[in-house]
Amino acid sequence: MPTRVLIVGAGAIGAFFGSRLATLPQVFVSALCRSNYNAVKANGLKVASPNFGEYVFKPEFTFDSPDQARRVTREKKLTWDYMLVATKVLPEVNDDSKLLEGLVSDETGIVLVQNGLGIEKPYRKRFSSTTILSAVTIASAVQPEPGVITHNRWTRLSVGPYIPDNDAGGNDTATTRTNTFVKLLQDGGIADAIAYPPTSLQFLRWHKLAINAAINASSVLSGGCGNAALANDPELAKHLRGVMEEVLSTGAKVLGHDTFPFDNLGFATPEQVLASVRRNTSGSRPSMWWDWVEGRKMEVEAILGEPVRVARKHDVEMPRVQSLYALLRMAQVKRDGGMEGKGKL
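Following the UniProt record's numbering, the numbering of the sequence shown begins with 1 at its first residue and continues without gaps.
As structure tokens, then:
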């Protein structure tokens, strides 16, 4: 039987991983697009990668809206084995779990390849009996023009079942679907696709959050410093290290540990992260900077606001992250034409 995958949010990351799955003979990948629909429908997705060369990925079906996806799903009697959700997380704007209504079946695994904390909750609330897989990536890819994907660096995608309350035992169905999805990625050339148990994946999500909270927000607030420039400036490096340490310390407490288990899980320490960033001299900037300069909404709540709120529920304060959150949140309000001093934002 073929495996069908629907990419929800066919931007750079979703399209890149979808294109690798589509190289497998029995995997059929479709795309639910937004602004790039016309280009993808006409020409497919053109991918350029230092790992895999240049090629074109043509989705089995290309949808311009959830309604069209629902109609075709009904008419063709399609079953989606996996939905790879790679949309930006903007809970203050919209609930993207609603996009999946009428598309999810008992056979579906929802794979959330998204930044931030608490991203799984809306999907669990809306699809209480559906398998949800939480995924963290460090792959670097951009879409410089509609339908054109440039993959720059790394391919890693780590996937684990989302089990409420981080039940380490998980359940057999979620574990099986995780392992199957990871094997598909590996067969598609993503050699560093990794399956994690539920709690370990949440530690990894906090680890990625530490990097995003430090570098993304600081790039915007410093006026557009690139990743390496941030890490090579002594004062900024001290600031980045402090933010990462604060996030990791909080994550450990939230997940019931005294300290963050770097050695047990093989995760890089903040200093190791900074050393890696310093070596990347390409001048790259984080995605939040490009959202800022192009006037798009930034993932302020998912990356900065939600950790602060989760920490407070555990009687922990995050002064560094809270400062970044307050400043960046207000900067976005003012950029978008809002004014302070007129009541609650």
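Using N, Cα and C, we set each Cβ at its ideal position, and we do this for glycine too.
Taking each of Val333, Val27, Glu54 in turn and checking the Cα distance to Asn152, the smallest one comes out for Glu54.
Just so you know, the alpha carbons of Asn36 and Pro146 end up roughly 5 Å apart. The C-alpha of Gly295 is placed about 39 Å away from the C-alpha of Thr180. Counting along the chain, the unbroken alpha helix (DSSP H) around Phe181 starts and ends at 172-187.
For Leu112, the uninterrupted beta strand (DSSP E) segment begins and ends at 109-113. The DSSP-derived three-state label of Asn51 is coil.
Secondary structure of Val142 (DSSP, three-state): strand.
When C-alpha distances from Asn43 are compared across Gln272, Val148, Lys208, the shortest belongs to Val148.
If you check the CB distance, Ile163 and Thr131 do not come in under 8 Å. Taken in chain order, the complete alpha helix (DSSP H) segments of 4 residues or longer contained in the UniProt domain "Ketopantoate reductase C-terminal" (204-331) are 227-232, 234-254, 262-265, 270-279, 287-293, 306-313.
Within 10 angstroms of the beta-carbon of Glu301 lie 16 or more other beta-carbons, which makes it buried.
The beta strand (DSSP E) runs of length 3 or more contained entirely in the UniProt domain "Ketopantoate reductase N-terminal" (5-162) are, from start to end of the chain, 27-32, 45-49, 53-57, 82-85, 109-113, 131-137, 140-145, 148-153, 157-161.
Around the beta-carbon of Trp154, fewer than 16 other beta-carbon atoms lie within 10 Å, marking it exposed. Taking a cut-off of 8 Å on C-beta distances, the region 54-69 does not touch the region 114-132, as fewer than three cross pairs fall below it. Boundaries of the beta strand (DSSP E) harbouring Ile194: 193-195, taken from the DSSP string. Distance between Arg126 and Asp95, taken at the CA atoms: about 10 Å. About 3 Å separates the Cβ atoms of Gly14 and Ala86, confirming a contact at the 8 Å cut-off. As a beta-bridge residue in DSSP terms, Thr3 pairs with Val27. Using a C-beta cut-off of 8 Å, the region 207-216 makes contact with the region 245-262, since at least three inter-stretch Cβ pairs fall below that distance.
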